[in-house]
Structures are given as C-alpha cells and as structure tokens.
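Beneath this line is the structure, given in structure tokens, with notes to follow.
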DNA sequence: ATTTATTTTTAGACTAGTCTAAATTTTATT
DNA sequence: AATAAAATTTAGACTAGTCTAAAAATAAAT
C-alpha cells in the first residue's frame, strides 16, 4: 500500500527532477513539500526501500520506473479533475489547483477512466499542461516561451509555466487565456520586456511574464 | 482542524445513533469502524474534547450539534458524489459507495455547491436516501418497508435500507430499481415472505428483502 | 590543500492513531 | 444481593510522519 504522503513526495520528486528524469536534492524536496530536510531523508529512505526511488546517501534521489508510473498516474488524475472543474463546475483556472491536489489521490481505475470519457478525452488541462492517457503516454505540443518568440510573428497562447494564482489572475486582467492570439511587436533589450498585440490593443509585459507564457506559432 | 479519522468516527456515530439523536456504544462504533474498542475509547475522548460529542465514561457517546453539522456535511458530499457517479459517469448503484467514501472528505464549499448545481439540486441519492441542502436540511419522503405494506395495494420503490452490493445486485437481477412499480399480492405468515407483482411477472421475496425495501403508495 | 560554508544525515523526541492485555465498571443471572 | 458475563477503559507498546539539535559529509573558497 502506498500512503498519501508517499504519493506527494513522489509527485514532488517527479516535478523537481524534470519529469522524473533527474536526480533531486534533499533541500529542494523539503522546500517543495514545506517540510524539513530531516523528514525528507527519512522519506526517501522509505521510498527507496519500496522501490519507488533510487537513493544513495548525500547523492540525491531519482525516481525508478515504478516511481515514475505512480507520479504519472497522479498527474493524470490531477489534470483530468482540473478540466472537470473548469468545464463542468465553472471554476476559473486559478482556482482548480488546490482542489485537484486532493482529488488526485482518489484511487479508482473506473472513476478516472469514466471521467476521462465524460470529458471527451482532453489532451491538455486548463493551464495547457498535457494529460497522460491510460497508458501514461503524453501528447506534447511544440511550444516556446514568449521571451524566445520572433518579433513580427503571430502566435497563440498554449500554456503557462507558472500556474500560481497571482500569475493567472494577471493574465485574466490582461485578457490573455489559452487560445488567445498574440503578435510579438518589439523586444526591449534594456529590461527584456516584450511589447505584444492582443487584437487591437498593444501591451508591454515584463521579462518575468515573457518567460512564463507558452506560445505556438500560428500559420498565416 | 478536523482529521480524516475524526470525520469517519463522527459519521459512524451519526448513523449508529439514528441520525445523531441517540447515544452510541463503544463496541458498536468499533464494529462499524473495523477497529478495537480501546481505539474507540481514545477517539471519543478526543471528539469530546473537541466538542464534537458528549461522552461520559461507560455511558456511550452522543453527537453535539457541532458534531451533527459535521456529519450532515459529510453525508451531503457523499450522496451528491453518488448521484454524480451514477448520472454522469455511468456507475451502477452498487459501485458508488466505495468511491464516495473517499470523495466525501474533500472540503471545498465551492466544489460541493457547484456540483450540486451541476446535478440540478438532486433531493435523493441513487439508493433513495435524502440529500441535505446547503443549510443541512433534509427533504424526507413518506415511505414504508415492503414488510409493512398492505396486500392489494400498489406502490413504487423509493429506496433501500441495506445499501450493500449484494442486496443491490439481487434487486438488479430481479428488475427492481428506484421507481419500479410494485403490487403486493400476498404475505406468507409462515416465513414472512411476500409475493409481489412487477409488471406482468410475480415473484416471492424473503422477509429479509421485504424489510430492506422502501415503498411509497401510488395513487390509482 | 586547508579551512569554511553548505548540505545532508542521525539521534532522539513528539503526535495521531492503532493494537494487546490487564483492570475496571456495568449489566445480567441466579 | 452476590456472582458471572459482557462491555469498557487504562496501560503500555508500535507505526507513520514530523520536528530540533547535533554530527558528518560534500562543496566552495581562500
């Protein structure tokens, strides 16, 4: 049996280690889990004993294939529930994360597969993140951050790198949502801010924003 | 903060004490919670300290108003999720309980009220049990058990007293569902079995079944 | 190449919830 | 009313997860 806490650690290690591929430090996990390094040491030992992770003292921890499968399964649930909350229960994209943090731990194959079907097999969550299918396969889309977009080209918004409520609310107030068409007008070398056009209005966004907004080129 | 375990004990005490109105024994709780009496004693002390229950040594435990409110709130969530599972995700009525046992603990006012609206404010769950509204008010329907129904009268099925999977599957295999019209043909004094008509077929059900099926008289 | 700073681990203690076994109280029976 | 039976509580121990403080190992800086 896997516990709730084990699941949360596995998820954190997955995200911190670029989708379960890299080794993760004790302190990074402690920071993400809002706990102390000593607690993390205890838990990674346990995860290692249970074959969810590989761990050598002082050398960080990496998920095993088994650990990655657990992580992907949790992420699938999390993102499907987020779609449900937005599409069916009228939540806004900055409200879904907290509730999905709880829903993601409910373990019922039938529940999640029926939910998937009910939502018509969505491929992305409300923040543009890909939803793995039943077999754990992701369907990635080609995307770049606004900071690396070409001046003069036309894009559409396909995701965010920062899903914090404050960033999402900033986007709302600037009428930027998934699917919004964005033309890159100018990049200011001084502070790396970017001037973009949204329909007939032009706005300037900071480097911070430009690094957290994913775009995809639109064929003209 | 209330813990998951506290919530489950409160719910058990509520059900065992006829909806939170009567005092409940330690052993009854232990049986319902699949735990030992000594664990129950510890927990009821804790619930008492937290003002969810009144408890005097050796005298059983009763929910306080505060405890009843917690119980009703959990029951509201449980039953709304059951409706969701049946109506939207095509679960059968014998499959919903287990999953709802987990969903009922997710605490988000917005989640549950939006779910309620999405389901169009159902008044009863898939087993015919009433769903309390936002304020905790139940809308009871007048109902009697088949064992006490009048021979010669016509009823419809409005609920079950036993929600076990085996009983529900028995009803499925005999084509009895919520809303099914049932005429009472004969009561056998020898073993208290009851002969009923379902459409054009007549079947005999045991006393056990007759005591667990709720009916409401149909105006002819 | 040492010393210093940082990171990580260990040791021991705490809380929530559980258990077994023994002690106590209540209830039932003679 | 005394005794037996049943129910309940206490005492002490265990697991999961957490913490603080101290020790140990690694990484950085002189």
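Chains as they are written, first to last, in my numbering: chain A, 288 to 507; chain B, 288 to 507.
Built from N, CA and C at the ideal position, the CB exists for glycine as well.
Legend entry - Alpha-carbon spacing of residue 342 of chain A relative to residue 335 of chain A, whole angstroms: 6 Å
Legend entry - Buried or exposed by the 16-neighbour rule on C-beta atoms within 10 Å, applied to residue 298 of chain B: Answer is buried; the Cβ neighbour count reaches 16.
Inset, instruction - Taking 8 Å as the threshold, find out whether the region 407-416 of chain B comes into contact with the region 410-428 of chain A through three or more Cβ pairs. - result: no
Inset, instruction - Could you check the C-alpha separation between residue 402 of chain B and residue 291 of chain B for me, to the nearest Å? - result: Taking the straight line joining both Cα atoms gives about 21 Å.
Inset, instruction - Inspect the beta-carbon positions of residue 340 of chain B and residue 365 of chain B and report whether they are closer than 9 Å. - result: no
Inset, instruction - Can you give me, in chain order, the residues of the region 370-392 of chain A that have a beta carbon less than 9 Å from any beta carbon in chain B? - result: 372, 375, 376, 377, 378, 382, 385, 386, 389, 390, 392
Inset, instruction - With a cut-off of 8 Å on the beta carbons, I'd call residue 505 of chain B and residue 445 of chain B a contact; round off their distance for me. - result: Residue 505 of chain B to residue 445 of chain B, Cβ: 10 Å. No contact.
Legend entry - Distance CB(residue 313 of chain A)-CB(residue 347 of chain A) smaller than 9 Å: yes
Inset, instruction - Evaluate contact between the region 456-468 of chain B and the region 420-435 of chain B, counting only Cβ atoms and requiring at least three cross-stretch pairs below 8 Å. - result: No, the region 456-468 of chain B does not touch the region 420-435 of chain B.
Legend entry - Selection from B:351, B:439, B:350 that minimises the alpha carbon distance to residue 484 of chain B: B:439
Inset, instruction - Following the continuous beta strand (DSSP E) through residue 464 of chain A, name the residue where it begins and the one where it ends. - result: Premise fails: residue 464 of chain A is in no beta strand (DSSP E) and is neither H nor E.
Inset, instruction - List the whole-angstrom C-beta distance separating residue 392 of chain A from residue 293 of chain A, where the pair is believed to meet the contact cut-off of C-beta under 8 Å. - result: About 11 Å; that fails the 8 Å criterion.
Legend entry - Proximal chain B residues relative to residue 405 of chain A, where beta-carbon distance stays under 8 Å: 375, 376
Legend entry - Start-to-end residues for the beta strand (DSSP E) that takes in residue 446 of chain A: 441-447
Inset, instruction - Would you check if the distance between the CB atom of residue 471 of chain B and the CB atom of residue 420 of chain B is smaller than 9 Å? - result: no
Inset, instruction - List the residues of chain B whose Cβ lies closer than 7 Å to the Cβ of residue 321 of chain A, in chain order. - result: What residue 321 of chain A touches in chain B: nothing, since even the nearest Cβ is about 15 Å away.
Legend entry - Beta-carbon proximity list for residue 303 of chain A, same chain, < 7 Å, skipping 5 on both sides: Counting only Cβ-Cβ distances below 7 Å, and skipping sequence neighbours, we find 311, 315, 316, 319.
Inset, instruction - Using three-state DSSP, classify residue 411 of chain B as helix, strand or coil. - result: Correct three-state label for residue 411 of chain B: strand.
Inset, instruction - Mark residue 487 of chain A as exposed unless 16 or more other C-beta atoms lie within 10 angstroms of its C-beta, in which case mark it buried. - result: exposed
Inset, instruction - Flag residue 395 of chain B as yes if its beta-carbon sits less than 9 Å from any beta-carbon of chain A, otherwise no. - result: Residue-level contact by beta carbon holds for residue 395 of chain B and chain A, with a gap shorter than 9 Å.
Inset, instruction - Answer yes or no: does any C-beta atom of chain A fall closer than 9 Å to that of residue 455 of chain B? - result: no
Legend entry - Partners in chain B for residue 402 of chain A, counting only beta-carbon separations shorter than 9 Å: 375, 376
Legend entry - Residues bridged to residue 340 of chain A (per DSSP): Residue pairing for residue 340 of chain A: DSSP places it in a beta bridge opposite A:350.
Inset, instruction - Report the partner residues of residue 508 of chain B according to the DSSP bridge assignment. - result: The shown model of chain B, from 288 to 507, leaves out residue 508 of chain B, and the question about it has no answer.
Legend entry - residue 473 of chain A to residue 480 of chain A span [Cα, whole Å]: 9 Å
Inset, instruction - List the endpoints of the continuous beta strand (DSSP E) containing residue 504 of chain B. - result: In the DSSP assignment, residue 504 of chain B falls within the beta strand (DSSP E) that extends over 500-504.
Inset, instruction - Would you kindly check if the distance between the Cβ of residue 330 of chain B and the Cβ of residue 296 of chain B is under 9 Å? - result: yes
Inset, instruction - Run down chain B in chain order and give the residues with a C-beta less than 8 Å from the C-beta of residue 367 of chain A. - result: Chain B residues near residue 367 of chain A: none, gap ~12 Å exceeds 8 Å.
Legend entry - Contact with chain A by residue 398 of chain B, beta-carbon distance below 9 Å: yes
Inset, instruction - Pull up the distance between the alpha-carbon of residue 418 of chain A and that of residue 373 of chain A, whole angstroms please. - result: About 15 Å.
Legend entry - Three-state secondary structure assigned by DSSP to residue 469 of chain A: strand
Legend entry - Beta-bridge partners of residue 485 of chain A, as assigned by DSSP: As computed with DSSP, residue 485 of chain A is found in a beta bridge with A:488.
Inset, instruction - Would you mind reading off the limits of the alpha helix (DSSP H) that contains residue 403 of chain A? - result: Where residue 403 of chain A is concerned, the enclosing alpha helix (DSSP H) starts and stops at 396-405.
Inset, instruction - Tell me, to the nearest whole angstrom, how far the beta carbon of residue 398 of chain A is from that of residue 368 of chain A; I am working on the premise that it is less than 8 Å. - result: Actually they do not touch by this definition, with Cβ atoms about 10 Å apart.
Legend entry - Per-residue DSSP class, three states only, for residue 386 of chain A: Three-state DSSP puts residue 386 of chain A in a helix.
Legend entry - Beta-carbon gap between residue 457 of chain B and residue 502 of chain B smaller than 9 Å: Against a cut-off of 9 Å, the Cβ pair of residue 502 of chain B and residue 457 of chain B comes out as no contact.
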